[in-house]
Amino acid sequence: MMAKISTTLLAATALIALAGCAKKRPAVLPPAPAEQATEVAPSGSAGDVDPNGGPGSDADFRRSVQSNTVNFGVDVYDIDSTARAILDSQVEWLARYPQVRITVEGHCDERGTREYNLALGDRRANAAKNYLVARGVAASRISTISYGKERPLALGSDEEAYAQNRRAVTVIIGR
Amino acid sequence: MTKAFLLASAFLLAGSAVAQQQSGAAPQPQTPAPAQAGQAAPAGDQAGGLVVDVEGGTSSPTPIAIPVMPAQQIVDTPAGSTDALGQQLSTIIANDLRNSGLFTPLPPAQLRTVTVPEVTAPAFPYWSGTGAQALVQGYVRANGDGTLTVGCYLYDVAAQTELMRQGFVVPPADWRRAAHKCADSVYSRLTGEGPYFDSRVVYVSETGPKAKRIKRLAIMDQDGANHRFLTNGQSIVLTPRFAPNQQSIVYMSYVGRVPAIYVYDIGSGRQRLVVQNVATTFAPRFSPDGRYILFSMATGGNTDIYRVSSQGGTPQRLTNAPGIDTGGSYSPDGSRIVFESDRSGGQQLYVMNADGSNQQRISFGGGRYATPVWSPRGDLIAFTKISGAFRIGVLSPSGGGERLLTNSWQDEGPSWSPNGRVITFFRSGRGGAGKADLFMVDLTGNVERKIPTPLDGSDPAWGPLRP
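Read top to bottom, the protein sequences are chains A and B. Letter 112 of the first sequence, counting from 1, is numbered 112 in this note's numbering, and no numbers are missing. Just remember that this note's numbering sits 175 ahead of the position in the second sequence, which is counted from 1.
Below you can see the structure in the form of structure tokens.
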């Protein structure tokens, strides 16, 4: 599966800090009765090829592009002009590092039902992926995952927070 | 299930002083008892004087006396001494009946100490003076083989008649179930409804801030007792649902960072992946016969409903609209499926045949409709209505008779009690704490209460009545 967590990167940005660190949690939890595998935390912490943030790394990606995140309106998944500009900057960087693979994470605000939001997050991740592919990024380099409303970025229950949480995040996962 | 109840339905104690009165005078309840109704005869079968109306009963709950159950001998058992058990059993029975909203148990100060001989010969003049209309008496006995017998007797105080008697033989570890079975018998005999207290709830226990919420599967009795965690919280887990035989749970997990549905075996703790696929699978639910699992799969931004043998194998696609079709739930006879789809724009409810044919929209009100679940008695579909707030409601399978039962900021994810009279759901609060709790509401909407859980809770699923 995905490679190991980079602790350096985890400390590096607020975005990643919010994404959580699954591997640190279990100390306070009861013993695992059943689960075999350990989940890797979402949003950037998974398997960066270069934990020091060198060329081709997730840190380099986030420094180089307009944003790793595009946002969406309420219950929609269309790529608007702001999102297009952001994704174009991602395309440019991805063209420089043709071996790099990415995951696009789809997320929703909390004002949707759980299962519907899993489907809506999948739509958003795929909308971003489809745009990248249309701009020349090989589809084989891109995986998608939906987190529905399970991993919000902003914690409030207001429109400002919801707007931040309706998003697709491009994460570098390796070569 | 391994621990079957032995039901000695008559003559638990020799020399019943009260003859069972047979008269046809009782009003019949409006709603027929469901097919899976348990041991107790519904009110219509053995007509007694006292009937509790489930529709109107919540406005004036029936006063009921449930004195401490005496022990035939005070004996230490693995579940505690028999006299302490007698106290606890009566408390659990009282709590179950109170929680239904249809009964007001008398406060302990008004209860007299009942001796074993008095269990079958109630002091009716005393109970009349308390205002109680119904009386539940019983006893506890430790048997030579290590089991416990709990006797359970229901009386009509005004008519001075015995309405029902049941006996439950349980291993000591299951002593609470004897109380739930007794409460179920009383409830069914007086209301004509099916039993539901002896049942469990599986749900997602939650803790931590919203952005890194820790979620664990947990299981408990419907009253919150015997709580147990099933997973350790390393992976996000969502939407657990019982298999009809209650031996396993189907749910969704992000284990290994591949969101997919798993079947968890409660006895062994082992789990297995249901569908081998790179695509996201979610929204699982068993068919009523347990042979199939209904689920949703998202591929390339499109979500459709599939079914697969619960043993695994190749899934069969049931919907193919170019939108989000999810949240499938079978009718109790397995012939139809209710689901939600945004094919018309927003989320609405649809019913189709079990093979995917004849898809018909059934919800037409303002706002969106989501998370439909078919009642175990077939007469209603519960849903989440999104119209500003999120509220729990019900409507008929043909789409009529819509009623909203709750009114809060965000209520979501209904699941039916085994008798189709009560719905559990979860209620979320605003803000970063991400507070969420489990609730129950009855079909009148008048009786709503929080289910106690050690941490926060979401995605409750009510299991069938235990055998």
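Even for Gly, the Cβ is constructed at its ideal location relative to N, Cα and C.
Listed from N- to C-terminal order along the chain, which residues in the stretch 402-427 of chain B have their beta-carbon within a distance smaller than 7 angstroms of any beta-carbon of chain A? Cβ contacts with chain A: Phe404, Leu405, Thr406, Asn407, Gly408, Gln409, Ser410, Ile411, Leu413 and Thr414.
Check whether the stretch 309-325 of chain B touches the stretch 285-296 of chain B, counting contact only when three or more Cβ pairs, one atom from each stretch, lie closer than 8 angstroms. Using a C-beta cut-off of 8 angstroms, the stretch 309-325 of chain B makes contact with the stretch 285-296 of chain B, since at least three inter-stretch Cβ pairs fall below that distance.
Strictly below 7 angstroms CB to CB, what residues from chain A border B/Thr501? Mapped onto the second sequence, residue 501 of chain B falls at position 326. Within chain A, Glu115, Tyr116 and Ala119 have C-beta atoms less than 7 angstroms from the C-beta of B/Thr501, given in sequence order.
Which residues mark the beginning and the end of the beta strand (DSSP E) in which A/Phe72 is found? In the first sequence, the residue the question calls residue 72 of chain A occupies position 72. Judged by DSSP secondary structure, A/Phe72 falls outside any beta strand (DSSP E); it is assigned neither H nor E.
Taking C-beta to C-beta, are B/Pro415 and B/Gly306 nearer than 9 angstroms? The sequence position of residue 415 of chain B within the second sequence is 240, counting from 1. The sequence position of residue 306 of chain B within the second sequence is 131, counting from 1. Cβ atoms of B/Pro415 and B/Gly306: not closer than 9 angstroms.
Measuring alpha carbon to alpha carbon, tell me which residue in B/Gly465, B/Ala358 and B/Ala298 is nearest B/Gly487. Here the question's residue 487 of chain B lines up with position 312 in the second sequence. Closest by C-alpha distance to B/Gly487, out of B/Gly465, B/Ala358 and B/Ala298, is B/Gly465.
Inter-residue Cα distance where the pair is B/Thr266 and B/Asp359: What you label residue 266 of chain B is simply residue 91 of the second sequence in a count that begins at 1. What you label residue 359 of chain B is simply residue 184 of the second sequence in a count that begins at 1. One alpha carbon belongs to B/Thr266, the other to B/Asp359, and they sit about 14 angstroms apart.
Could you pull the DSSP bridge partners for B/Ser141 from this structure? What the structure shows of chain B is the stretch from 176 to 642, and residue 141 of chain B is not part of that stretch, so it cannot be assessed.
Quick one, are the C-beta atoms of B/Leu640 and B/Pro463 less than 9 angstroms apart? Residue mapping note: residue 640 of chain B aligns to position 465 of the second sequence, counting from 1. Residue mapping note: residue 463 of chain B aligns to position 288 of the second sequence, counting from 1. Contact flag unset, no.
When Cβ atoms are compared, which residues of the stretch 600-612 of chain B fall closer than 9 angstroms to chain A? Within the stretch 600-612 of chain B, the qualifying residues are Ser603, Gly604, Arg605, Gly606, Gly607, Ala608 and Gly609.
Nearest to B/Lys560 by alpha carbon, out of B/Ser590, B/Ala435 and B/Gln523? Within the second sequence, the letter at position 385 stands for residue 560 of chain B. It is B/Gln523 whose Cα lies nearest to the Cα of B/Lys560.
Considering only residues of the same chain and omitting the five flanking positions on each side of B/Arg602, which have a CB-CB separation below 6 angstroms? Residue 602 of chain B sits at position 427 when you count from the first residue of the second sequence. Closer than 6 angstroms at Cβ, skipping near neighbours: Ser583, Asp586, Asp612 and Phe614.
Is the shortest distance between the beta-carbon of A/Ser160 and the beta-carbons of chain B less than 9 angstroms? One-based indexing of the first sequence puts residue 160 of chain A at position 160. Residue identity check: residue 160 of chain A is Glu in the sequence provided, not Ser. It does not: the Cβ of A/Glu160 has no partner Cβ on chain B nearer than 9 angstroms.
Exposure label - B/Phe470; buried when at least 16 CB within 10 Å: To locate residue 470 of chain B, count along the second sequence from 1; it is residue 295. Buried: at least 16 other Cβ atoms inside 10 Å.
Please tell me whether B/Arg536 has its Cβ less than 9 angstroms away from any Cβ of chain A. As a position in the second sequence, residue 536 of chain B is number 361, starting the count at 1. Chain A has no Cβ within less than 9 angstroms of the Cβ of B/Arg536.
Please decide whether B/Gln585 counts as near chain A, where near means a Cβ-Cβ distance under 9 angstroms. Numbered from its first residue, the second sequence carries residue 585 of chain B at position 410. Yes, B/Gln585 counts as interfacial toward chain A.
Pick out the complete beta strand (DSSP E) segments inside the stretch 91-165 of chain A, 3 residues or longer, and give them in chain order. Under the rule that a run must span 3 or more residues, the beta strand (DSSP E) segments found entirely inside the stretch 91-165 of chain A read 101-107 and 142-148.
Cβ neighbours of A/Val91 in the same chain (closer than 7 angstroms, five flanking residues each side left out): Along the first sequence, read from residue 1 onward, the residue named residue 91 of chain A stands at position 91. Correct list, in chain order: Leu132, Arg135, Gly136 and Val137.
I think B/Arg543 touches B/Gly521, with their Cβ atoms under 8 angstroms apart; what is that distance to the nearest whole Å? Reading the second sequence from its first residue, position 368 is the one you call residue 543 of chain B. Reading the second sequence from its first residue, position 346 is the one you call residue 521 of chain B. Contact between B/Arg543 and B/Gly521 holds, with the beta-carbon distance rounding to 4 angstroms and staying under 8 angstroms.
Nearest to B/Leu323 (by Cα), restricted to the options B/Asp251, B/Pro593 and B/Val597: Here residue 323 of chain B refers to the residue found at position 148 of the second sequence. Looking only at B/Asp251, B/Pro593 and B/Val597, the smallest Cα-Cα distance to B/Leu323 is reached by B/Asp251.
By Cβ distance, which residues of its chain are closer than 8 angstroms to B/Ile441, with the 5 residues on each side in sequence left out? As a first step, residue 441 of chain B is located in the second sequence; it is residue number 266 there, counting from the start. The residues are Ile394, Leu405, Gln421, Gln422, Ser423 and Ile424.
Taking the continuous beta strand (DSSP E) assigned at B/Gly304, which residues delimit it? Here residue 304 of chain B corresponds to residue number 129 of the second sequence, with the count starting at 1. Per DSSP, B/Gly304 belongs to no beta strand (DSSP E); it is in the alpha helix (DSSP H), Phe299 to Thr305.
Less than 8 angstroms between C-beta atoms, sequence neighbours within five positions excluded: which residues of the same chain meet that for B/Phe621? As a working note, residue 621 of chain B is residue 446 in the second sequence. The question names Phe, but residue 621 of chain B in the sequence shown is Asn. Around B/Asn621: Thr233, Ser234 and Gly276.
Under the rule that 16 or more other beta-carbon atoms within 10 Å means buried, what is B/Pro642, buried or exposed? Position 467 of the second sequence, counting from 1, holds the residue named residue 642 of chain B. By the neighbour-count rule (16 or more Cβ atoms within 10 Å), B/Pro642 is not buried but exposed.
Going straight from the alpha carbon of A/Gln36 to that of B/Leu448, what length do you get? Numbered from its first residue, the first sequence carries residue 36 of chain A at position 36. Numbered from its first residue, the second sequence carries residue 448 of chain B at position 273. Any answer about A/Gln36 is weak, because its pLDDT of 40 lies below 50 and its placement is not dependable; what the coordinates show is given next. Cα to Cα, A/Gln36 sits roughly 12 angstroms from B/Leu448.
Check B/Asp432 in the structure and name its three-state DSSP category. Sequence index remark: in the second sequence, residue 432 of chain B carries index 257 (1-based). It should be pointed out that residue 432 of chain B corresponds to Arg in this sequence rather than to Asp. Under the three-state reduction of DSSP output, B/Arg432 falls in the helix class.
Who are the neighbours of B/Ser471 on chain A, taking C-beta pairs under 9 angstroms? As a first step, residue 471 of chain B is located in the second sequence; it is residue number 296 there, counting from the start. Under the 9 angstroms cutoff, chain A gives Glu115, Leu118 and Ala119.
Which of helix, strand or coil does DSSP assign to B/Pro238? Position 63 of the second sequence, counted from the start, is the residue given in the question as residue 238 of chain B. Strand, per DSSP.
Interfacial residues, the stretch 544-562 of chain B to chain A, with Cβ spacing under 9 angstroms: Close to chain A, meaning a Cβ-Cβ distance shorter than 9 angstroms, are the following residues of the stretch 544-562 of chain B: Ala545, Thr546, Thr559 and Ile561.
Check whether chain A comes within 9 angstroms of B/Arg566, counting only Cβ atoms and requiring the distance to be less than that. One-based indexing of the second sequence puts residue 566 of chain B at position 391. Taking Cβ atoms only, chain A never reaches closer than 9 angstroms to B/Arg566, which makes this a no.
Can you give me the Cβ contacts of B/Val548 inside the same chain, cut-off strictly under 8 angstroms, excluding the 5 residues immediately before and after it? Taking the second sequence and counting its residues from 1, the one referred to as residue 548 of chain B is at position 373. If we look at B/Val548 and ignore the five residues flanking it on each side, its Cβ neighbours are Ser504, Val513, Ile556, Ala557, Phe558, Pro589, Ser590 and Trp591.
For B/Trp350, which of helix, strand or coil comes out of DSSP? For the purposes of this step, residue 350 of chain B is taken as the residue at position 175 of the second sequence. B/Trp350: helix per DSSP, three-state reduction.
Determine the DSSP secondary structure at B/Ser633, reduced to helix, strand or coil. For this step, residue 633 of chain B is matched to residue 458 along the second sequence. Strand, per DSSP.
Compute the distance between the beta-carbons of B/Thr628 and B/Tyr378, then report whether it is under 9 angstroms. As a working note, residue 628 of chain B is residue 453 in the second sequence. As a working note, residue 378 of chain B is residue 203 in the second sequence. Result yes, Cβ atoms of B/Thr628 and B/Tyr378 sit closer than 9 angstroms.
Give, in chain order, every residue of the stretch 125-148 of chain A whose Cβ lies closer than 9 angstroms to some Cβ of chain B. The residues in question are Ala125, Asn126, Ala127, Lys129, Asn130, Ser143, Thr144, Ile145, Ser146, Tyr147 and Gly148.
9 angstroms Cβ cutoff, A/Glu110 in contact with chain B: Along the first sequence, read from residue 1 onward, the residue named residue 110 of chain A stands at position 110. Chain B, which has a Cβ nearer than 9 angstroms to the Cβ of A/Glu110, makes this yes.
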